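The first sequence begins at 289 in this note's numbering and counts up by one.
For reference, the structure is listed below as structure tokens.
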Amino acid sequence: MPELPEVEVTRRGIDMPLRGATVRAVRMGKPLRWPLGCEPDSLLGGRVGPVQRRGKYLWLPLALTEGADSGLLLHLGMSGSLSLMTAAPEAGAHDHFDLVTTQGTLRLNDPRRFGAVVWSPALHLPPAAKLLARLGPEPFDAALTSARFLAALKQRSAPIKTVLLGGQAVVGAGNIYACEALFQAGIHPALRSDRISRPRAEKLLAAVRSTLTRALDLGGSTLRDFSDAHGVSGAYQAEAAVYARAGLSCHRCGGTVRRVVQAQRSTFFCPGCQRR
DNA sequence: AGTTAAACCTGGTTGC
DNA sequence: TGCAACCAGGTTTAAC
């Protein structure tokens with residue numbers, strides 16, 4: 289589920305409430321994608337700092353000593369969500385990580401367990417640095433110009449949809465928002481990335497940005513499991529133009545939205561509105 | 001080297 | 001009703 293908007297909405301929900309909190313207990317459930325990388329009890333007494341986001345990862349600074357840069361790198365995978373509770377109920381079957389602090393319990397619920405919580409001595413050191421190494425630029429970074437975006441697209445011959453999902457040209461757009469941005473830009477998902485024109489690349493970058501912004505404003509998308517740190521669902525899915533709308537009519541041209549598979553992922557698009 | 005498949009895991013939905 | 005097949009927000013690793 290969680291693409292950039294959902295992860296950012298989650299970050300905003302836990303950042304201020306957790307700031308300055310002290311870790312009182314750590315509870316682990318079933319294994320996640322990667323091991324924690326430290327003794328859970330070694331986190332006790334850690335002080336929580338400002339929560340940051342990089343791509344679809346969250347960085348929770350957890351200083352064990354004054355001035356330390358260590359922390360936890362979190363990923364929500366496909367089905368993960370974080371909730372911050374003052375009085376946490378008993379852990380359920382899919383609650384795989386609890387960080388009990390003086391300012392509430394941060395709990396990761398993740399049925400499919402593609403998510404991760406990994407301790408790292410610093411954001412710029414392994415293992416965090418290694419996991420973030422291949423990420424492209426942030427979509428709202430002013431340094432990401434349309435020229436730079438175009439240059440990145442020119443380096444790939446794979447379909448534009450697949451390249452968007454890859455996150456090398458820009459991070460943050462997952463399956464929902466990659467489909468929606470391509471629709472908004474009027475670009476066929478099968479178009480070769482390196483065949484895209486300069487004006488279309490510019491239009492696509494703008495579409496990625498506006499799609500992610502709109503989703504952020506609506507609290508993200510909730511297909512099944514996602515909710516923010518306070519249990520509130522997203523609302524973007526209700527206004528998706530193409531995503532999960534195969535066989536339905538396009539609200540722009542009246543044609544029929546199609547579903548195809550690219551790189552093992554469903555792609556939804558409108559053949560009338562999106563051209564090669 | 002670069003693109004595509006397989007893998008990780010659980011559960012909901014669909015169709016016979 | 002039962003059960004098999006397919007589908008789902010992601011990303012790494014292995015294989016063409």
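Backbone N, C-alpha and C define an ideal beta-carbon position, used for all residues, glycine too.
Please read all numbers here as calculations on a predicted model, not as lab measurements.
Residue nearest to V458 within the set R497, Q472, E468 is R497 (criterion: CA-CA distance). When secondary structure is reduced to three states using DSSP, Q550 falls in the strand class. For Q525, same chain residues with a beta-carbon under 8 Å away, outside a window of 5 residues either side, are I464, S509, T510, L511, Y531, A532 in chain order.
Assigned with DSSP and collapsed to three states, S445 falls in coil, not helix or strand. Taking one beta carbon from each stretch, the segment 302-317 and the segment 387-400 have 3 or more pairs nearer than 8 Å; the two touch. Following the DSSP letters along the chain, one finds V314 inside the beta strand (DSSP E) bounded by residues 311-316. Annotation: the continuous alpha helix (DSSP H) that includes G301 extends over 292-306. Fully enclosed beta strand (DSSP E) runs of no fewer than 3 residues occupy 340-342, 345-351 of the segment 329-353, in order along the chain. Taking all protein chains in view, the Cβ of L360 is crowded by 16 or more other Cβ atoms within 10 Å, so the residue is classified as buried. As computed with DSSP, W407 is found in a beta bridge with L360. Note on the segment 484-564: whole alpha helix (DSSP H) runs with a minimum of 4 residues are 486-505, in chain order. G355 is bridged by DSSP to nothing; it lacks a bridge partner.
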